[in-house]
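>
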Amino acid sequence: MKKHWLIGGLAGVFALAGLAFVQGGGGEGGEGAEGAVETGQPIAFPHNQHAGSEPGQNNMDCQFCHFSAERSVDAGIPSVASCWGCHVAIPGTNHPEEVAKIQGYLERDEPIPWVRIYKISDHAHFPHMRHVNAGLECQECHGEIQEMEVLTKPDEWWTPAKELFFGQDPVWGGDNMGWCVECHRRPDENGEQQASTDCAVCHY
Amino acid sequence: MTDGIKRRDFLKVLGVTGASATLTGCSEPERLLPYVVAPEEITPGVATWYTTVCGGCSAQCGMWVRTREGRAVKVEGNPNHPVSRGGLCSKGHATLQHLYNPDRFHGPMIREGDRLRQGTWDEAEQLLAAQITATGNVMFIGGRMGPSMSNLVDEFVAAVNGTRIEYDAVSDAPLREAARITYGATGLPSYDIANARLLLSFGNDFIETGSSPVAHNKGLAQMSAVDAAGSKGRFVYLGPRLSTTGLNADEWYPIRPGSEAAVALGMAAVIADDAGAAGPYADVLRAYSPAVAAQAAGVSEDSIRELAERFASESPTLAMGPGVGGHHRNATAANIAVMILNHVAGNVGRTVHYDAAVSAAAGAYADMESAVSAMAAGQVGVAIVHGANPAYSMPAASGFVEAFSQAAFKVSFASAMDETAALADLILPDRHFLEAWGDSMPRSDVVALQQPVMQPVPHFDSKSAGDVLLATSVHLGNDFGATTFYDFMRNGHMEMHDDSVGDFETSWRLALRTGAVEHDMGTTAAPSQLQAPEVALSFDAPALDLGGDLTLLVHPSPRFGGGEFSNSPWLQELPDPVSKITWHSWLEMNGTTAEERGIREGDIVRVTSPHGEVEVPVWIYPGIREDAVALAMGGGHTNMGRWANGSGVNALALLPSESEQPSGAMLTLATSVTVTPTGERRRIATIEGSSDQHDRPIAPAVALADLGHVEEAEHDEGHAEFQELQGVGGFVPVPSEGGAATAFPLEGSRHGPYAESHDLPRWAMAIDLDKCTGCSACVTACQAENNVPWVGEEQVMMGRDMNWVRIERYIEHMDATQAGDLDVRMLPMICQHCANAPCEPVCPVFATYHTPEGVNAQIYNRCVGTRYCANNCPYKVRVFNWYRYMDENVPEPMNWQWNPDVTIRTNGIMEKCSFCMQRIRDVENRAALEDGRAINDGEIVPACEQSCPAEAIVFGNIRDENSRVSQVVSSERTYRVLDELLNTQPAVHYLRKVTFHEIASGGHD
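Here you go:
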């Protein structure tokens, strides 16, 4: 038992160091640091303003911007020109200074260096189109994105630790394969497992 | 362990610390970079394909290029191309590594004293124009180029009053000259190998070099396949050394070097009732009786006579004259002799055609000799070199390096440093063919367009040579009617366009989409009569430079060609199809010769000719005559790039600088050498375990006469000698007595593959060893597709080579002293995907297991690197990452080639053939999107199958009895390697090679 806590303690130290890094790293988030909104992203992009269904929000379909989710392994990040396609006419109500940055990137012919939030390991393959075409909502994996002003992923990277130390269920899967498998194992209408749990379905 | 940590918990803790370590070690969060303006044709995550033309060698095969997010990641053969008809060779695959070669120039380079400085394009073009104006006397030395580029160069050179020299290091000039002399042909003859019933190659290595190695490889495979009537074409190789092409022969006539003409004429004399059949060559025919031929060749007169009779009776037949490896002082005459043989046997117009001129590298070395004298005499002001590297590819004795230095201003279009560019005052880095426009005319009735498949690799500020010439012309005040090479080329095609076949735009787009357009040339009358030569020709054995006791055979390397492909780690690490040696050079020597001299394999010897000397290790090879030694081209680069430099020796150092007359080709078979041991030894970087099957049925064969009752022939022989293997084989207990199994075949081998209860496909493969030529295209294709690392010479010597495909080459029968049967078995060994896999139960972490679809999967993220699986694999197909080869060996931008659909493996991971799992998943994904339709047979094509010029590989669902693989496997020739002994139940099925001779004993060989 002693050893267990020794190792656990070590893990904790590392975990805290990692957490400190993530929080510290947020401050470097490009131009957002100068603006009024602190998101860690180069532009304070509010997913809720775009996709939310509250009054004053725009209730857009996710695939309006993430255009290839239905037909490709990648969901697709909208091009700068595609952002500006709408924003050329919509200067933004809450933070027009953030919207104006889009024009800057477009004029400088520069991609917006979004900080990646959702990532599964390189050794796992997640074909978006198979999941979208199976009728899954984006929220099943990504959480209630349409309600988030600042995109955060539920601390998936220390989910295994949470499970271990606190016995909590993970909120978002990410690198936690158990979370993927749990869904793949659910029964379909015939009572059969709804998706394969063969390793080589994702790992190759 | 009651109060200790549980294994699962421990792993989780490890996982957490691992994750935080990764985070803390990372200085910058990962970014997602969108396009600023999204290109219409690109969907992220979906491959976009383009057709183009391979610019690797003079064959100009049709190519499909797979791009992902704007990067070329894989090249494949285009089955719609009328000449190459699908398939691609190793060199073609490796052109990708030249595209992303980190040694490419970063921009135009301008010499300042001893060093080169990077300049701008405008500066470089102005400088070139100023030098041309000031110095004049322009000489343009150009290698192979497309017709439009060739026109532009002609116009450019004419406008500045210069001269143009066409130069190809590896050239078919003697063949072209022979065709011109005998039939007035303008190009090379085209061969219909597939329909020949008896094929003779007089030292022509047609599946490695020549006008179209891929198409010829396909032809050879089709010819040797057993047809419905139960017969197959026979291939006889006549030459002093067996090349890859030669290893595929059914019979070998180890004739003396340079005796091809005598043998061909001796045979023609037997066939022709009357010497008059040879027209103007009647006297020659009379002079070369079979007796004279036998004397010259060192084989029996009877064997020549008998071969001649078969050549006449088994019509249609085909004979091919000596290629690059046989360019001796009478090489044109030797090719003419072979044409006379074809003529008297009635093959012209049937299997050999002179009317559809095949273009080929045929620039004459003689022109380079005059260029060298002009430069040495100070008659050249501006010397421009494009698509050639004469400082490497001309023998040192030529004096090119000294002469080139005499030119007032030296310009190179090399895209990466080479020995010639190193001498230049101005380097104008050309684009790679995958980044540039161009065209090709592989045959006079075929036009193929080369289109850029991606934006130029941004690390390198390159510009297409055509655009540079046009821009320089503007500075010189010349106008060729276009400002870009694309316009120049398109205008040219528009002018040539025949409006009666439809409008230009439509046919242009069609050509871009399909890759090539065939023009109906009408029927030009094939020349029917042999024409007399205008110069005196000698058909005798050529003179050799004396001074040694062994004849030196220098041949183009199947991996490096003449040396232009050497800076590719894939090709460096590709085992040579003959010797199985990687990276370095070796001297091939017959075992008898070596024994006489007390030389062992691996001894480093000094090879001395009157022209130079090299030191190189010996490899003992029964496929070379006792009076000859052989050395491949392509090694010994001194200034080319990080992978080529210092690897091997340059064989050209031993050759004279002399051209053959009348063709003007460079001599490759010209000198004798002495071989003396230096007393040093080295370990050969070979992947070969053994060239002997040690009486085990790994690559069995069947005699043609036994077809129809293969199984009986098998069972008659019995298998008593394998009983000791049976005792240890299989995972199902077998009845035994005294340790040896009593039942045969084993009880276990009658069990079906497991996972039979599922209604899923069962993936399987069939490889027809009667078609496989051992060319090794699949090896490089697999490496490109699956992110398989290269490990370097040192690691190969330690047995750590990582290719997923290994072509086993078993020498069953090979006799260099007399004409007779030849039996060499090629066997592509990949993971056998055993249903009863020995690797699976020994994995402690379940990293390797069987998928419900019958694939033996390797899950990289589970693997902890115990290597038990590799130890237990009877096929030695599992390879281990001893280091982070992919990180450490792959410099930017070569990693742009990586296939994004395949995991990059790190150190400590076992890997092996996955049946191209990513391609299976890709087709499944597409089928699912299309209303969940079923997957069609033949839709999933693994990289090896796609690349195979011989079409020897078939992949598919073996549970579907109508699938191609089921059909092929139903052949009586089907067997599975070691299955009946070990009960491994492989999913890879092989079809026995079919031989003409009786299979000796044991039923297994």
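So the sequence lines, in the order shown, correspond to chains A and B.
Per my numbering, the very first residue in the first sequence carries number 716; after that it's consecutive.
Per my numbering, the very first residue in the second sequence carries number 532; after that it's consecutive.
Ideal Cβ placement from N, Cα and C applies to all residues, glycine included.
Which of the residues in the stretch 1441–1453 of chain B, read from start to end, lie with their CB under 8 Å from any CB of chain A?
Per Cβ criterion, the list reads S1445, M1448, Q1449 and R1452.
> Taking just the CA atoms, how far does B:L957 sit from B:G1177?
When rounded, the distance between both Cα atoms is 25 Å.
> Report the three-state DSSP secondary structure of B:D1134 (helix, strand or coil).
Looking at B:D1134 - three-state DSSP - the assignment turns out to be strand.
> Could you list which residues in chain A have their beta carbon closer than 8 Å to that of B:I1471, in chain order?
Within 8 Å Cβ-Cβ: nothing; B:I1471 doesn't reach chain A, min ~14 Å.
> Is there a Cβ from chain B that is less than 9 Å from the Cβ of A:W894?
So no, A:W894 is outside the interface.
> Rounded to the nearest angstrom, what separates B:A690 and B:A905 at their Cα positions?
Looking at the two C-alpha atoms, the distance is approximately 20 Å.
> Could you give the C-beta distance for A:H918 and B:I1390, rounded to a whole number, given that I count them as a contact under 8 Å?
Yes, they are in contact, since the Cβ atoms of A:H918 and B:I1390 sit about 5 Å apart, within 8 Å.
> Output, in sequence order along the chain, the residues in the stretch 1377–1405 of chain B whose CB is closer than 9 Å to any CB in chain A.
Correct list: F1377, A1378, Y1380, T1382, P1383, E1384, V1386, A1388, Q1389, I1390, Y1391, N1392 and R1393.
> Along the beta strand (DSSP E) that carries B:K1538, what are the first and last residues, could you check?
Residue 1538 of chain B is absent from the model: chain B starts at 532 and stops at 1536.
> When Cβ atoms are compared, which residues of the stretch 772–792 of chain A fall closer than 9 Å to chain B?
Within the stretch 772–792 of chain A, the qualifying residues are F782, S783, E785, R786, S787, V788, D789, A790, G791 and I792.
> Counting Cβ pairs closer than 8 Å, one from the stretch 1099–1116 of chain B and one from the stretch 1149–1167 of chain B, do we hit at least three?
With a cut-off of 8 Å, the stretch 1149–1167 of chain B and the stretch 1099–1116 of chain B count as touching, because enough Cβ pairs lie within range.
> I want to verify the contact list: residues of chain B whose CB lies under 9 Å from the CB of A:C796, in sequence order.
The amino acid occupying residue 796 of chain A in the given sequence is Ala; Cys does not appear at that position. Per Cβ cutoff of 9 Å: Y566, V567, V568 and A569.
> Counting Cβ pairs, one atom from each stretch, are 3 or more of them under 8 Å apart for the stretch 739–750 of chain B and the stretch 895–910 of chain B?
Touching, no.
> Could you work out which residue in B:T1113, B:F1091, B:A800 and B:A813 is closest to B:A1063 when comparing CA atoms only?
Of B:T1113, B:F1091, B:A800 and B:A813, the residue nearest in Cα terms is B:A813.
> Looking at the secondary structure, which residues open and close the alpha helix (DSSP H) in which B:M640 lies?
From DSSP, B:M640 is part of no alpha helix (DSSP H) but of the beta strand (DSSP E) over M640 to E643.
> Using the three-state DSSP reduction, which class does A:A751 fall into: helix, strand or coil?
With a pLDDT of 43 at A:A751, under the threshold of 50, the modelled position of this residue cannot be trusted; read the value that follows with caution. Here A:A751 sits in coil by DSSP.
> From B:D781 to B:R765, what does the alpha carbon distance come to, in whole angstroms?
One C-alpha to the other measures close to 6 Å.
> Hey, would you say B:G1092 sits closer than 9 Å to B:A704, going by beta carbons?
No.
> From B:E1529 to B:V855, what distance separates their C-alpha atoms?
If you take the alpha carbons of B:E1529 and B:V855, they lie about 34 Å apart.
> For A:V814, would you say it is in contact with chain B, using Cβ-to-Cβ distances shorter than 9 Å as the test?
Chain B contact via Cβ: absent.
> Show which residues of chain B have a CB atom less than 7 Å away from the CB atom of A:P842.
Result: N1456.
> Taking C-beta pairs closer than 7 Å, name the residues in chain A that B:G576 reaches, listed in chain order.
Within 7 Å Cβ-Cβ: S783, S787, V788 and D789.
> For chain B, is any of its Cβ atoms less than 9 Å away from the one on A:L851?
No - not a single Cβ of chain B is within 9 Å of the one on A:L851.
> My assumption, with CB atoms under 8 Å, is that B:A888 sits in contact with B:L1001. Please give the rounded CB distance.
Actually they are not in contact, since the Cβ atoms of B:A888 and B:L1001 sit about 29 Å apart, beyond 8 Å.
> Interface residues of chain A around B:E1146 at Cβ under 7 Å?
Within 7 Å Cβ-Cβ: nothing; B:E1146 doesn't reach chain A, min ~45 Å.
> If you measure from the beta carbon of B:R538 to each beta carbon in chain A, is any gap under 9 Å?
Legend: pLDDT at B:R538 = 40, less than 50; position of this residue unreliable, no value from coordinates given.
> Out of B:L1235, B:E1144, B:Q1192 and B:V1233, point me to the one whose CA is closest to B:P1208's CA.
For B:P1208, the nearest C-alpha among the options comes from B:E1144.
> Using only CA atoms, which one of B:A839, B:E845 and B:S890 lies nearest to B:V869?
Checked all of B:A839, B:E845 and B:S890; the closest Cα to B:V869 is B:A839.
> For B:G638, tell me which candidate among B:H990, B:R695 and B:E1157 has the shortest Cα-Cα distance.
Considering only alpha carbons, the answer is B:H990.
> Please confirm whether A:A839 has its beta-carbon closer than 9 Å to some beta-carbon of chain B.
Closer than 9 Å to some Cβ of chain B, the Cβ of A:A839 qualifies, so yes.
> In chain order, what residues of the same chain lie with their CB nearer than 6 Å to the CB of B:S834, ignoring the 5 residues before and after it?
Here the set comprises A1350.
> Using a Cβ cut-off of 8 Å, which residues of the stretch 820–831 of chain A contact any Cβ in chain B, in chain order?
Of all residues in the stretch 820–831 of chain A, Y820, L821, D824, E825, P826, I827, P828, W829, V830 and R831 have a Cβ within less than 8 Å of some Cβ in chain B.
> Is the beta carbon of B:F1019 sitting closer than 9 Å to the one on B:S615?
It is not a contact, given that the beta carbons lie outside the stated cut-off.
> Could you tell me which chain A residues have their CB closer than 8 Å to the CB of B:I1489, listed as they occur along the chain?
Within chain A, no residue comes near B:I1489; the closest Cβ sits about 18 Å away, beyond 8 Å.
> From the DSSP output, in three-state form, read off B:S971 for me.
Three-state DSSP puts B:S971 in a strand.
> Please list, in chain order, all residues of the same chain as B:R1331 whose beta carbon is under 8 Å from its beta carbon, the five residues on each side excluded.
Here the set comprises V1322, V1410, F1411 and W1413.
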